[in-house]
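In the working numbering, the protein residues as written are 5 to 406. Backbone N, C-alpha and C define an ideal beta-carbon position, used for all residues, glycine too. Notes for the one structure printed next.
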Amino acid sequence: MQQTESAPQSSNSSVLTSLQVGGLVFAAIGIILAVFGAVTNLERFFPSYLLAFLFWLEVTLGCLGFLLVTGLIQGDWTVATQRILSAGARVVPLMVILLLPILFDLGGLYPWVDNAAGGTTHAYLNVPFFAVRTALSFVIWIFLAYLIAHWNFQLDSDNDGKYLRWIGRAAGLGLVLFVITASFAAFDWTMSLTDTWFSSLYGLLVISRMAVAGFAFTAVILALVWKQSGLEAIMSQRLKNDMANLLLATVMVWMYMQFMQFLIMWYGNLPKEVAWYVLRLTGGWGGLAVALVVLHFFVPFFVLILPGPNRTMGLVATVGVLLLVMHYVGLYWVVMPSFTPTLAFHWLDIALVLGMGGIWVALFAWLLKQHRLLPANNPSVDHAIERAEHEHELLEEIGMAS
Numbered sequence: 005m006q007q008t009e010s011a012p013q014s015s016n017s018s019v020l021t022s023l024q025v026g027g028l029v030f031a032a033i034g035i036i037l038a039v040f041g042a043v044t045n046l047e048r049f050f051p052s053y054l055l056a057f058l059f060w061l062e063v064t065l066g067c068l069g070f071l072l073v074t075g076l077i078q079g080d081w082t083v084a085t086q087r088i089l090s091a092g093a094r095v096v097p098l099m100v101i102l103l104l105p106i107l108f109d110l111g112g113l114y115p116w117v118d119n120a121a122g123g124t125t126h127a128y129l130n131v132p133f134f135a136v137r138t139a140l141s142f143v144i145w146i147f148l149a150y151l152i153a154h155w156n157f158q159l160d161s162d163n164d165g166k167y168l169r170w171i172g173r174a175a176g177l178g179l180v181l182f183v184i185t186a187s188f189a190a191f192d193w194t195m196s197l198t199d200t201w202f203s204s205l206y207g208l209l210v211i212s213r214m215a216v217a218g219f220a221f222t223a224v225i226l227a228l229v230w231k232q233s234g235l236e237a238i239m240s241q242r243l244k245n246d247m248a249n250l251l252l253a254t255v256m257v258w259m260y261m262q263f264m265q266f267l268i269m270w271y272g273n274l275p276k277e278v279a280w281y282v283l284r285l286t287g288g289w290g291g292l293a294v295a296l297v298v299l300h301f302f303v304p305f306f307v308l309i310l311p312g313p314n315r316t317m318g319l320v321a322t323v324g325v326l327l328l329v330m331h332y333v334g335l336y337w338v339v340m341p342s343f344t345p346t347l348a349f350h351w352l353d354i355a356l357v358l359g360m361g362g363i364w365v366a367l368f369a370w371l372l373k374q375h376r377l378l379p380a381n382n383p384s385v386d387h388a389i390e391r392a393e394h395e396h397e398l399l400e401e402i403g404m405a406s
């Protein structure tokens with residue numbers, strides 16, 4: 005345990021400080037622009053705000069989902085990303101606050117709010133039941149994020165294996181609850197923008213989208229901080245390969261879900277289901293669909309599939325940035341056609357996602373700075389250090405031999 009115990013108790017990375025300051029600057033500018041946009045164009049403000057909220061909510065939930073996965077399995081990548089994922093997941097309370105403005109125009113955003121028709125759709129899509137589902141989901145997400153984080157931090161100061169056992173048990177049950185609540189959130193927040201459209205695959209599709217966003221963000225942060233945080237002790241080509249492979253896996257699962265949903269809907273040829281795609285393939289939206297296929301799948305796929313030695317954290321982070329941008333484009337393609345039948349970008353679309361992102365990133369960076377980035381008293385950390393040292397020794401021997 006000597007290697008892990010000598011690490012600092014908190015991260016003082018200058019990168020995190022820069023992220024925090026930069027985030028606050030973007031947040032201040034975003035708030036000013038948001039107020040101006042709400043005053044001058046309230047009709048466009050709320051769809052753009054909803055889009056920004058959903059983007060950062062999916063990044064947050066992507067971090068939470070992977071945090072739960074790290075509680076079930078052990079590996080180099082889990083100890084390298086655990087604290088980043090934990091900080092991202094613990095931003096959930098902020099999302100509750102950012103949700104509140106949406107409630108002021110719920111009827112303008114969701115057609116079912118003012119729909120008095122009966123039937124099974126109205127039995128599910130009504131404001132009281134929607135509020136209960138949303139509140140319950142956020143309570144579960146907050147509880148899981150802070151419970152797993154608390155036990156991980158306890159393990160830093162108390163070398164008791166019970167915490168790892170507790171984390172494993174909680175993560176198993178938590179992952180089940182996460183899939184259920186995230187699926188309902190997907191139905192409620194995006195699928196119900198068109199209340200006549202339904203897809204049984206949609207929940208899993210959105211979860212795969214969250215996974216891409218959460219892990220892409222994690223890869224970017226890891227690439228920025230690993231040299232200043234004690235994580236250099238475990239950095240190896242094996243870890244870089246793991247990060248690239250996992251990011252590649254999330255992209256492939258996302259594409260598979262997208263393709264299967266499109267195939268089932270299109271060849272089923274049901275008017276209501278096909279109409280959802282027709283709207284998003286006409287009026288200029290088709291160009292975004294092509295961009296998603298090329299830049300959200302093919303480019304990341306062929307870059308991340310490169311042989312091991314060519315996989316650097318810089319390369320993985322670059323793909324991560326591309327995927328985050330395309331995640332926003334993908335959400336734009338899903339959400340905005342419900343409000344405008346033709347593609348028409350508005351400055352609020354960018355201002356709000358960057359402004360909200362400034363608040364999110366500032367809080368994330370502050371949370372990440374509170375604790376060491378390399379966990380202590382975790383057997384996986386020692387194994388990762390040993391593997392990294394062995395790899396470095398081999399590289400030195402090869403260099404001397406050549």
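Taking each of Pro51, Asp160, Ala186, Asp192 in turn and checking the Cα distance to Trp116, the smallest one comes out for Asp192. Look at Val329 here: in three-state DSSP terms it is helix.
A residue is called buried when at least 16 other Cβ atoms come within 10 angstroms of its Cβ; Glu390 does not meet this threshold and is exposed.
If you draw a straight line from the Cα of Ala279 to the Cα of Met195, it comes to about 13 Å. The C-alpha of Ala215 lies about 13 Å from the C-alpha of Met330. Val210 sits in a helix when the DSSP states are folded into three classes. Between the alpha carbons of Leu310 and Glu47 lies a distance of about 46 Å.
The segment 52-61 makes contact with the segment 94-114; the number of CB pairs closer than 8 Å reaches 3 or more. For Ala31 and Ile354, the gap between their C-alpha atoms comes out near 13 Å. Residue Phe219 holds the alpha-carbon nearest to the alpha-carbon of Leu65 among Phe219, Asn382, Phe133. Where Trp230 is concerned, there is no enclosing alpha helix (DSSP H), because DSSP gives it neither an H nor an E.
Scanning Phe157, Asn163, Gly69, Glu277 for the CA closest to the CA of Pro383 turns up Asn163. Here Thr198 has Trp280, Ser342 as same chain residues with Cβ atoms under 7 Å from its own Cβ, once five neighbours each way along the sequence are excluded. Taking the Cα of Leu299 as reference, the smallest distance to any Cα among Thr322, Glu277, Ile171, Arg315 is reached at Thr322.
Residue state for Met239 is assigned as coil, using DSSP reduced to three classes. With a cut-off of 8 Å on Cβ pairs, the segment 165-182 is not in contact with the segment 240-250, counting fewer than three such pairs. Apart from sequence neighbours up to five positions away, the residues of its chain that approach Phe368 with a beta-carbon distance below 7 Å are Ala91, Gly92, Val95, ordered along the chain.
According to the DSSP assignment, Met360 belongs to the alpha helix (DSSP H) that extends over 351-373. In this structure Ile184 is exposed. Its beta-carbon is surrounded by fewer than 16 other beta-carbon atoms within 10 angstroms.
A Cβ-Cβ contact shorter than 8 Å links Asn381 with Asp160. The three-state reading of DSSP puts Pro379 in coil, since its state is none of H, G, I, E or B. Residue environment: Gln374 is assigned as exposed (fewer than 16 neighbouring CB atoms within 10 Å of its CB, all protein chains considered).
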